[in-house]
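Enquirer: Just so you know, the sequences run in chain order E and P. Residues in the first sequence are numbered consecutively from 1, following the numbering used here. Residues in the second sequence are numbered consecutively from 1001, following the numbering used here.
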Amino acid sequence: MVEESHNPQPLIELRHISKRFGGVQALADVDLIVYRGSVHALVGENGAGKSTLGKILSGVISPDAGELVVNGHPMTFASPHEALAGGISMIQQEIALVPKLTVLKNVFLGLESNRAGLLQDRDNRRRFEELKSRSGFNLSADAITSNLSVADQKKVEILKALARNAQLIVMDEPTATLPDEESAKLIEIIRFLHKAGTTIIYISHFLKEVLNVADTVTVLRNGQLIRTSTASEETPDSLVTAMLGRAMSIVFPPKAFPAADSPVVFSAKGISRKGVLSDISLDIHAGEIVGLAGLVGSGRTEVARAIFGADHRDSGILKIDNQVVSILHPTDGVAAGIALLPESRKTQGLLMRLSIGHNVTLPHLKSLSRGSVLQQRKELKDTTQLLQDLDVRPPQPKVRVDSLSGGNQQKVLFSKWLFRHPRLLIADEPTHGVDVGAKLAIYQLITSLAKEGMAVLLISSELEEVLGLAHRVLVLRQGRIVAEFKDSLDGQSSLNEDAIMRAAFATL
Amino acid sequence: MTQFETPPPNVEDKKARKFNYLNLGALRPYGIIFAFIVVFIILSFLTSAFATTRNILNVLDQAAEVGLAALGVTLPIIGGCFDLSLGAVFAVTGCVAAFIAKLGYPALGIAVGIFLGFLLGCMNGLIITRLHINSFVATLATGLIISGIAYVTTDGLLIEIADPRFSVIGRGYLLGVKFPIYVFFGFAILTWFLLSRTTIGRYIFAIGGNEEAARLSGVHTDLIRILTFAISGLGAGLAGVIAASRITTGEADVGTALTLSAIAAVVIGGTSILGGEGAIWRTIFGVLLLQLISNGMNILDIPPFYQLIVQGVIILFAVTLDALRSRSP
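Structure follows, in structure tokens:
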């Protein structure tokens, strides 16, 4: 807690910090005190200014106005290098290590002990062992970094920060790219560092996680500091209310059940791929949302990719409206009326450096052209209309995708696949990395699409999401469907979290 | 989600920033046009021999060969690849055209030469997509092979063609304008149309922007990639045939400088070497800027060696601008 018996000392003070990017006020007159030895969380919607604040602290960007005081001395950091010299280190959302180098080399990159330019390997190893015992991490010095799990790579980044004598570590969304099991490990690591006296600024979307690990929470909204309070006085609800400026809880839209005689839109029989999937069969009816649950690595994403034609299949028959379709390439998937929203928006879903419009129409250019010549006016008109319908901000097809917030990017991804109504919509982690407001919009969208008769296959690591949206849930384990649970109106529902987890972990 | 609704900052501050933003953000993409205009005006003032119709047509004529190769290679570059075999294709197509012309079929020679460029481009594309080799290395290797073939066809000698029909495409005039200029602008219109007005053009930008995302959007990425190399080969082939026709000679020993000049012109124009961004008009301005500078330096009697230095400096400048642009948010 902040209010400990002895007087807590401020490690860092931010006074009247402001920062603008073009037309956007990212931070406006923010005052913040971070006490030595605390875990201080920053929460807020996408675009609230959390990451900007983190980047200012760690010297990645400089503020337009305001003062940064470290240990009572006013400082200006012109680069991350200078911040590091001042004892502040940042761990970015994406791993920033040299993948092909060993753990040891990454940790001491640029700080190697040397004598007249020759590396002193023994000395480096001694320092590595010291760090290991200080942090309690069990990492092999000679492991190649890219072979480690993501959580272990985060550990390497933390060691790297410690090796540079960081007094403050800024962590931007450290668990966003981690599967649940690994996130839990990382939280343990943060607790350990906290006990060892390291000060941590923790930026995250996951409110439960934040309340779990932080002493102090600061809420930001539209670049303004709303409040800073003791974590034990907050609840996820109170934080959401502060973040949005109004009360809002995650309420799933009411489920509209498909009629009992609703036809099968999509069916797959016996999809197999050696070592990955075995004998996957499933039917999806018109208006039905089928959830795929299972642990990371159970084959959820692989099922989606096999259906869409993104990966090779050894066997399996696919039918749309009871007609066998041959799908060997994503082109065939698109032609058959299947849409796949891939799990990684940035690397698989969107072309980040291209415009919104070019992204949205990419799968549908055939229908927007005559003899390969594009009908650009029609394209512009239809795209603009769709962007307005889905409330993408700004609804301008010519804007580049990488200038949008995460939630709006996700809406562009939806627009891309709804441009022509698909028969089957496969959504793999549709709310990954988006804020609460965008999440609700996406839930409503999926529900209303199903209501209009679309078949939906939903994949999500957030079990809550699968339970809240799906009419039926299939549980995968080691590439097989091991259980099926059905929700129904008459209270005969077999759908519950406990049963799904048991099936996923094979503890039935 | 409401990040655009920001409190009104003080007005003066806003003005200053807006100007700054415009200056750096909005105008930077058009740097090549300003550079072109500035160089043009400076040269016009320095010497009266510059801004004459005759000299301008001369500049265009001289730009045609590198220009054709540059237009072609713009496509693989936007698609995120390099084609280093341009010079070799340029040489071999000229040699083969001359070889066939020597047998008494000049028109056939020219047609075969052009088509050979296209075929060699397809081959490059096939090698890169089928064998999954980095385009830089793959075309470096195929360039050596093709160049070797050119030497084998000519036995290392010059193939001189006396037949006047062979020199029409390189030296002929139509309405007072040299033929290569028509070919250059014709090819420019073709590539521009392909890139900006057709589905194929969109697919090229898409594979350069993110190949995996393009594939998952239903784009036949390999096919499109092969096509970009085919067009690149076609451009080099056109250039090779025109060059052979101009000097009425097939020679294996040409083209070493062409590869780099063509790629330099594309980069100077502002097409990103990262792929996914670029335009044909950029390449046209890039080619013309380089040609203006060497023409101007010739008129001003500056030794040609200095032209290399100036070219190098301009490339560094252009690439720096590109790097700054992709870094800005």
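Ideal Cβ positions, reconstructed from N, Cα and C, are used throughout, including at glycine.
On a Cα-Cα basis, can you pick out the residue from G72(E), D64(E), N71(E), R502(E) that is closest to A78(E)?
Expert: Residue D64(E) is the option with its Cα nearest to A78(E).
Enquirer: Nearest-angstrom Cα distance between I1161(P) and A1101(P)?
Expert: Taking the straight line from one Cα to the other gives about 7 Å.
Enquirer: Pull up the CB-CB distance for K255(E) and D487(E), whole angstroms please, since I reckon it's below 8 Å.
Expert: So it is a contact: roughly 7 Å between Cβ atoms.
Enquirer: Is the beta carbon of I426(E) less than 8 Å from the beta carbon of L340(E)?
Expert: Against a cut-off of 8 Å, the Cβ pair of L340(E) and I426(E) comes out as a contact.
Enquirer: Would V60(E) pass as a contact of P74(E) if the rule is Cβ separation under 8 Å?
Expert: Going by C-beta atoms, V60(E) is not nearer than 8 Å to P74(E).
Enquirer: Would you say M1123(P) and T1142(P) are within 8 Å of each other, going by their C-beta atoms?
Expert: Yes; because the gap between Cβ atoms is below 8 Å, this pair is in contact.
Enquirer: Mind listing the chain P neighbours of Q348(E)? Cutoff is C-beta to C-beta under 7 Å, in chain order.
Expert: Ordered by position in chain P, the residues that pass the 7 Å Cβ test against Q348(E) are E1212, A1213, L1216.
Enquirer: Look at T1198(P) and I1280(P) and say whether their C-beta atoms are less than 8 Å apart.
Expert: Cβ distance not < 8 Å, so T1198(P) and I1280(P) don't count as in contact.
Enquirer: Evaluate P397(E) with the Cβ neighbour count: other Cβ atoms within 10 Å of its Cβ, from every protein chain shown; 16 or more gives buried, anything less gives exposed.
Expert: So P397(E) ends up on the buried side.
Enquirer: Assuming I338(E) is part of the beta strand (DSSP E), what are its boundary residues?
Expert: Run containing I338(E): 338–341, per the beta strand (DSSP E) assignment.
Enquirer: Verify whether the separation of the beta carbon atoms of L351(E) and N1058(P) is less than 8 Å.
Expert: No, the Cβ-Cβ distance between L351(E) and N1058(P) is not below 8 Å.
Enquirer: From what residue to what residue does the beta strand (DSSP E) around Y443(E) run?
Expert: Looking at the DSSP string, Y443(E) is not in any beta strand (DSSP E); the run it does join, the alpha helix (DSSP H), is 436–451.
Enquirer: Under 8 Å by Cβ, that's how I've got R423(E) and I317(E) pegged, so tell me the actual separation to the nearest angstrom.
Expert: Rounded, the Cβ-Cβ distance is 17 Å, inconsistent with contact.
Enquirer: For L467(E) and Y202(E), I'd like the C-alpha separation in whole angstroms.
Expert: About 29 Å.
Enquirer: Since L32(E) sits in a beta bridge, which residues does DSSP pair it with?
Expert: DSSP, once it has assigned bridges, lists L14(E) as partnering L32(E).
Enquirer: Is V399(E) helix, strand or coil by DSSP?
Expert: Three-state result, V399(E): coil.
Enquirer: Looking only at its chain, what residues have a beta carbon closer than 6 Å to the beta carbon of S1044(P), apart from the 5 residues adjacent to it on each side?
Expert: Result list for S1044(P): F1050, A1051, in chain order.
Enquirer: Cutting at 8 Å between CB atoms, please list the residues of its own chain near G294(E), excluding the five before and the five after it.
Expert: Answer for G294(E): R300, V475, L476, R477, A504, listed in chain order.
Enquirer: Just the chain E side, please: which residues come within less than 7 Å of I1200(P) by C-beta, in chain order?
Expert: Within 7 Å Cβ-Cβ: S372.
Enquirer: For a contact meaning CB atoms closer than 8 Å, what does T331(E) contact in chain P?
Expert: What T331(E) touches in chain P: G1218, V1219, H1220.
Enquirer: If you pair each beta-carbon of the region 1270–1279 of chain P with each one of the region 1130–1147 of chain P, do three or more pairs fall below 8 Å?
Expert: Judged by Cβ distances under 8 Å, the region 1270–1279 of chain P makes no contact with the region 1130–1147 of chain P, as fewer than three pairs qualify.
Enquirer: Checking contacts by CB at 8 Å: is P363(E) closer than that to chain P?
Expert: Yes, because at least one Cβ of chain P sits closer than 8 Å to the Cβ of P363(E).
Enquirer: Classify S238(E) as helix, strand or coil using the three-state DSSP reduction.
Expert: In this structure, S238(E) counts as helix in the three-state DSSP scheme.
Enquirer: If you run the structure through DSSP and keep just helix, strand and coil, what is D314(E)?
Expert: Of the three classes helix, strand and coil, the one that applies to D314(E) here is coil, per DSSP.
Enquirer: Hey, how far is the Cα of D142(E) from the Cα of R164(E)?
Expert: Computed Cα separation, rounded: 20 Å.
Enquirer: So S369(E) contacts chain P; which residues on that side make the cut at Cβ distance below 8 Å?
Expert: In chain order: T1198, T1199.
Enquirer: Using 8 Å as the Cβ pair cut-off and three pairs as the minimum, do the region 299–315 of chain E and the region 363–382 of chain E touch?
Expert: At 8 Å Cβ cutoff, the stretches do not touch.
Enquirer: In the DSSP output, what is I88(E) paired with across the bridge?
Expert: The partner list for I88(E) (beta bridge, DSSP) reads L168(E).
Enquirer: Could you tell me whether the Cβ of V1313(P) comes closer than 8 Å to any Cβ of chain E?
Expert: Chain E, which has no Cβ nearer than 8 Å to the Cβ of V1313(P), makes this no.
Enquirer: Return helix, strand or coil for S415(E), following the three-state DSSP convention.
Expert: In this structure, S415(E) counts as helix in the three-state DSSP scheme.
Enquirer: On the premise that I1207(P) lies in contact with G1109(P), defined as a C-beta separation below 8 Å, what is that separation, rounded to the nearest angstrom?
Expert: That pair is no contact at about 35 Å.
Enquirer: Can you tell me the Cα-Cα spacing of A499(E) and A483(E), whole angstroms?
Expert: Taking the straight line joining both Cα atoms gives about 9 Å.
Enquirer: Can you pull the chain P neighbours of P342(E), defined as C-beta to C-beta under 7 Å?
Expert: Those are L1216, listed as they occur along chain P.
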